[in-house]
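**Q** Numbering (the numbering used here), first residue to last: 7 to 78. Let me give you the structure first, and then I'll get to my questions.
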Amino acid sequence: MRRRCSSALLGKLALSLLNLSALALNRLEQRIQNAVFAVVRFGEIARVIKIAPPWIVLTAGLTLFLFVLREA
Numbered sequence: 007m008r009r010r011c012s013s014a015l016l017g018k019l020a021l022s023l024l025n026l027s028a029l030a031l032n033r034l035e036q037r038i039q040n041a042v043f044a045v046v047r048f049g050e051i052a053r054v055i056k057i058a059p060p061w062i063v064l065t066a067g068l069t070l071f072l073f074v075l076r077e078a
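Structural data, given as structure tokens:
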């Protein structure tokens, strides 16, 4: 009886951990999508107004990507 109860609890715990990890992955995916969107928009704006050479835009875009990913 005790063994059955503990294995049922372990099963519930494992399921809860899987749900939490899926939720964390969904949040991470959303952060990455937001960061990529911000970089793409920045690149489009920089290209249209010819703000700087491509290597500067690329460096700024990478910095923006990392900032948005960290802050989201």
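Backbone N, C-alpha and C fix where the C-beta goes; we use that ideal spot for every residue, glycine too.
Taking just the CA atoms, how far does Lys18 sit from Ala28?
**A** 15 Å
**Q** What do you get for Gly54, buried or exposed, if any count of 16 or more other CB atoms within 10 angstroms of its CB means buried?
**A** First, the amino acid is wrong: residue 54 is Val here, not Gly. Label assigned to Val54: exposed.
**Q** By how many angstroms is the C-alpha of Phe43 removed from the C-alpha of Asn32?
**A** Asn32 and Phe43 have their C-alpha atoms some 16 Å from each other.
**Q** For Val45, does the count of other Cβ atoms within 10 angstroms reach 16, so buried, or fall short, so exposed?
**A** buried
**Q** For a test of the three-state rule: what should DSSP assign to Gly17, helix, strand or coil?
**A** helix
**Q** Classify Ala41 as buried or exposed, calling it buried when 16 or more other Cβ atoms lie within 10 Å of its own Cβ.
**A** buried
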